[in-house]
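The structure under discussion appears below in the form of structure tokens.
Protein chains in written order, with the numbering used here: chain A, 1 to 442; chain B, 443 to 822.
Pasting the structure below:
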């Protein structure tokens with residue numbers, strides 16, 4: 001029996017509605033129809049819940065041309081449909097694991113289809129705690145996509161943008177952001193300064209010049225420090241610039257670099273070492289006066305708790321597409337706020353997660369700046385985003401992202417446009433190697 | 443389920459991403475009035491605020507006792523604000539916690555009434571369909587406690603907060619421990635139902651005495667030992683937490699989130715007890731989010747009136763780590779009568795130990811302003 005026929009036979013045998021072949025691109029034979037009409041445990045809410053019900057959940061993989069976006073990061077969008085015509089969108093993009101994220105979204109289907117989307121907290125708990133195996137980036141991203149879509153529906157149902165449901169806006173002028181940038185000479189840095197000022201942008205983020213080992217040579221240490229010295233000189237005193245260490249150094253190497261870059265007054269230094277061992281990060285953090293940021297790989301408020309309680313970082317950067325959506329990002333922000341830690345949410349996915357982040361950003365008093373994987377000069381990627389969203393999504397005006405004003409997350413994704421970028425499968429993160437062939441942290 | 447003012451019309455005139463204009467602009471607060479309320483016999487005090495929007499919608503909020511000047515500060519902070527702007531109010535009124543609680547409560551009432559939706563839907567939707575409740579009994583002796591306990595049992599309550607006996611400073615500690623044990627045994631024997639108890643020390647003990655008492659009572663399986671001491675320092679509380687497995691509830695006078703975060707960080711607290719009179723619903727949601735990552739439950743303290751009780755039940759519905767909501771249970775008939783007169787749709791009832799959720803707009807209650815007038819010391 002061919003695969004497609006077998007899936008059809010399974011569906012017919014179990015009497016399930018919906019087409020199991022809806023997501024053939026994922027390439028797994030998972031059953032995509034719910035086992036029952038309503039999620040487990042939901043019957044007790046019949047007298048206190050709304051009449052709104054989620055009727056279907058769709059997951060889209062969106063692959064952009066390799067010249068626009070790297071092959072390891074197709075976007076994963078989640079769409080929820082309801083019995084009252086309202087739909088919700090969310091993003092579950094997980095770099096290098098698109099297929100797993102899409103399959104995991106579908107694994108959660110029994111919890112979601114048939115449920116009342118007004119129960120965002122309960123559904124979050126159902127997906128996180130009800131999954132038994134808690135946390136991890138695959139489950140975190142799947143929950144994130146679904147949670148954002150649930151909040152989109154909640155906002156539309158209550159007639160308000162999500163940031164208003166969260167108690168905002170704190171600053172109605174919009175959300176401060178920063179773009180990615182690169183400059184490898186003083187001339188380039190000066191040109192970038194002029195371009196940045198002209199665009200009204202106030203902050204940028206750069207990479208380190210080299211891969212780093214756990215102990216480093218004079219050559220690479222000096223190059224890292226000189227690079228940041230050059231950036232400060234070229235950008236001038238007024239542009240805030242952060243440097244993403246991207247977990248390349250060990251705490252040992254990070255401490256040396258951090259000591260010597262203090263005079264350049266970075267906006268923050270990001271992921272100064274890998275994030276699994278927070279006490280190890282604390283070793284380097286204790287010695288630095290440069291604000292430290294981390295958090296893009298952390299899942300749920302539980303995953304951020306030690307960072308906050310041990311007082312390691314100044315800035316937390318959970319990603320709304322991994323941490324657990326709006327529900328989890330807001331909870332992390334609440335804990336960070338009490339501890340005097342500011343929020344600069346990571347966003348290196350597509351436009352849906354970026355805009356969802358803006359809603360949380362706008363509603364939290366300890367917000368610092370919002371990332372997006374875009375450059376000061378809009379590129380080909382932004383044209384695709386405009387195609388998908390119908391407006392120039394995640395572009396700053398005067399250094400800020402304007403606040404969405406429509407109910408919910410405030411946009412609709414064009415499904416016609418989605419068809420132009422079909423899912424082309426998953427590619428892993430491209431690995432990087434040291435000169436002796438051993439694996440480097442990229 | 444559509445807001446009255448058809449806000450879609452406003453949005454359609456705007457580009458997708460224009461700033462500032464909001465669908466709730468017409469809900470800006472135009473006027474604030476307040477009642478300083480007092481229960482006739484118990485003397486329990488609290489404040490009720492009435493917020494009226496530009497287009498005439500009215501919302502009510504309750505906070506702890508406040509002076510007329512503090513009510514004036516609340517008015518200054520709220521007028522011109524839209525009822526979703528809770529974060530700005532939280533900071534503006536940080537030094538007036540009772541007023542922050544009242545304004546936030548009234549804001550949520552306005553949002554719920556405007557959208558004809560119960561407030562818990564704004565707070566993340568129901569995580570439970572009923573909320574466990576705790577009757578706070580009045581009385582100094584076991585005989586004082588007996589009648590109200592039996593009345594509360596008849597009214598469906600199954601959990602009760604009882605005070606520890608007063609302690610003479612000449613009383614040997616071991617004799618005092620025996621007296622507390624005897625009280626617990628006595629209240630347990632007063633009704634033969636399956637009842638649970640919280641022992642309330644009201645902050646009267648030293649950490650050392652509290653640790654001794656908590657350890658002595660471990661096997662009584664009280665729900666928890668409440669507010670054993672006012673010494674909320676890490677080393678003071680460590681004595682209690684290190685020596686005993688008795689769950690410790692703390693925080694009825696705490697008004698900032700960071701204090702709870704610190705207690706959680708040091709493992710000093712098993713139940714967060716933020717007072718509904720001193721902390722807004724939105725602020726308690728933040729406290730609860732932090733407690734969740736420490737596997738610690740929230741049981742709001744409440745020594746105010748029936749509006750805050752109703753608000754507390756909506757909060758309870760929304761919190762994944764809610765455990766129980768305290769409700770004052772007055773002994774005096776006149777006090778009990780006042781609590782039922784202030785609102786219709788009274789939520790201070792229990793069925794088998796739980797209060798039902800009100801699936802009605804706002805908090806699901808109607809406030810009677812004439813009753814507020816009758817029981818107020820001052821109108822502001």
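Even for Gly, the Cβ is constructed at its ideal location relative to N, Cα and C.
Query                                                                                                                                                                : Result
With DSSP run on the structure shown, which of helix, strand or coil describes residue 180 of chain A?                                                               : strand
Can you list, in chain order, the residues of its chain whose CB lies under 6 Å from that of residue 807 of chain B, leaving out five sequence neighbours each side? : 752, 785 and 787
Starting from residue 373 of chain A, trace the beta strand (DSSP E) both ways and give me its first and last residue.                                               : 370-375
Looking at the structure shown, is residue 25 of chain A part of a helix, part of a strand, or coil, going by DSSP?                                                  : Because residue 25 of chain A sits at a pLDDT of 46, beneath the cut-off of 50, its placement in the model cannot be relied upon, and the following sentence gives the value as read from the coordinates. Three-state result, residue 25 of chain A: helix.
Using the DSSP secondary-structure output, state which residues sit across from residue 574 of chain B in a beta bridge.                                             : B/796
Is residue 538 of chain B close to chain A? Criterion is C-beta to C-beta, closer than 7 Å.                                                                          : no
Reducing DSSP to helix, strand and coil, say where residue 803 of chain B ends up.                                                                                   : coil
Would you call the segment 681-690 of chain B and the segment 318-329 of chain A in contact, with 3 or more CB pairs under 8 Å?                                      : no
Can you tell me the Cβ-Cβ gap for residue 699 of chain B and residue 725 of chain B, rounded? I've got them flagged as a contact below 8 Å.                          : 7 Å
With burial defined as no fewer than 16 other Cβ atoms inside 10 Å of the residue's Cβ, what is the status of residue 481 of chain B: buried or exposed?             : buried
Can you tell me the Cα-Cα spacing of residue 805 of chain B and residue 570 of chain B, whole angstroms?                                                             : 16 Å
Note down, one range per segment and in chain order, each beta strand (DSSP E) of at least 3 residues found wholly within the segment 622-653 of chain B.            : 638-642
Hey, out of B/716, B/473 and B/729, whose CA is closest to residue 695 of chain B's CA?                                                                              : B/716
Whole angstroms is fine: what's the gap from residue 773 of chain B's alpha carbon to residue 547 of chain B's?                                                      : 27 Å
Taking any Cβ of chain B, which residues in the segment 309-337 of chain A have a Cβ under 8 Å from it, in chain order?                                              : 309, 327, 330, 331, 334, 335 and 337
Out of B/587, B/647 and B/489, which has the shortest C-alpha to C-alpha gap to residue 627 of chain B?                                                              : B/587
Along chain B, which residues have their Cβ under 7 Å away from the Cβ of residue 302 of chain A?                                                                    : 735
Please state the DSSP three-state secondary structure of residue 325 of chain A.                                                                                     : helix
Looking only at DSSP bridge pairs, what is residue 513 of chain B linked to?                                                                                         : None, per the DSSP bridge assignment.
Once you ignore the five residues that flank residue 701 of chain B on each side, which residues in its own chain have a CB closer than 8 Å to its CB?               : 674 and 693
For chain A, find out if any of its Cβ atoms is closer than 7 Å to the Cβ of residue 804 of chain B; answer yes or no.                                               : no
Strictly below 8 Å CB to CB, what residues from chain A border residue 526 of chain B?                                                                               : 160, 164, 165, 167 and 168
Tell me which residue opens and which closes the beta strand (DSSP E) that residue 230 of chain A is part of.                                                        : Unbroken run through residue 230 of chain A is the alpha helix (DSSP H), 218-235; no beta strand (DSSP E).
My parser needs the alpha helix (DSSP H) runs of 4 or more residues fully inside the segment 97-175 of chain A; what are they?                                       : 98-107, 109-112, 120-128, 137-158 and 162-165
Tell me whether residue 493 of chain B is buried or exposed, calling it buried when 16 or more other Cβ atoms sit within 10 Å of its Cβ.                             : buried
Measuring CA to CA, which of A/66, A/392 and A/312 is closest to residue 421 of chain A?                                                                             : A/66
State the start and end residues of the unbroken alpha helix (DSSP H) segment that holds residue 341 of chain A.                                                     : Where residue 341 of chain A is concerned, there is no enclosing alpha helix (DSSP H), given that its DSSP letter is neither H nor E.
Based on DSSP bridge pairs, tell me the residues matched to residue 769 of chain B.                                                                                  : B/577
Buried or exposed for residue 660 of chain B, please, with buried defined as at least 16 other CB atoms from any protein chain shown within 10 angstroms of its CB.  : exposed
Beta-carbon separation of residue 300 of chain A and residue 135 of chain A under 7 Å?                                                                               : yes
Taking Cβ to Cβ, would you say residue 316 of chain A is nearer than 7 Å to residue 355 of chain A?                                                                  : no
Run the CB neighbour count on residue 631 of chain B, radius 10 Å, all protein chains shown included, and call it buried at 16 or more, exposed below.               : exposed
Do residue 179 of chain A and residue 375 of chain A have their CB atoms nearer than 7 Å?                                                                            : yes
What residues from chain A crowd round residue 534 of chain B, counting only those whose CB sits closer than 9 Å?                                                    : Residues of chain A passing the Cβ test: none, with the nearest at roughly 11 Å.
Is residue 711 of chain B close to chain A, meaning its C-beta is less than 7 Å from at least one C-beta of that chain?                                              : no
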